[in-house]
Amino acid sequence: MAYVIASPCVGEKAADCVSVCPVDCIHEGEDQYFIDADTCIDCGACEAECPVSAIYYEDDLPENEQIFKQKAIDFFKNN
Ligand code: SF4
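For the sequence shown, numbering that gives the first Met the number 0 gives the first residue as 0, with consecutive numbering after it.
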């Protein structure tokens, strides 16, 4: 289980989450940031910090944002 960055990050990329992550698992993609699910320790620090509420606990990810889970998996597969 991990946290997922969803659509509000696209084009926004505020990056406030990056500096609060204790395990440095938030990486910059072309149009948004991504959380590495293999490294995330589910601390929730990023979720509280995001100014556009783009970050969800995986179980709480809305149905219309599910695609962002796969987008993160694809990002870390290719980077
Ligand atoms: Fe990093 Fe914690 Fe957010 Fe996971 S939940 S990405 S460990 S800040």
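By construction, the Cβ of each residue, glycine as well, lies at the ideal position given by its N, Cα and C atoms.
By DSSP, does residue i sit in helix, in strand, or in coil?
i, result
"Ile40", "coil"
"Glu62", "helix"
"Cys17", "First, the residue type needs correcting, since residue 17 is Val and not Cys in the sequence shown. Three-state DSSP puts Val17 in a helix."
"Glu29", "coil"
Is residue i near the ligand SF4, in the sense that its beta carbon is under 7 Å from a heavy atom of that ligand?
i, result
"Pro21", "yes"
"Cys24", "yes"
"Ile40", "yes"
Can residue i be considered in contact with the ligand NAD, in the sense that its beta carbon sits closer than 7 Å to one or more heavy atoms?
i, result
"Gly28", "Only the ligand SF4 can be found as ligands here, which leaves the ligand NAD out of the picture."
What does residue i pair with, by DSSP beta-bridge criteria?
i, result
"Val3", "Tyr55"
"Ile34", "Ile25"
>> With a threshold of 8 Å, are at least 3 pairs of Cβ atoms found where one atom belongs to the region 62-69 and the other to the region 5-25?
In response: The region 62-69 makes contact with the region 5-25: 3 or more CB pairs, one atom from each, lie closer than 8 Å.
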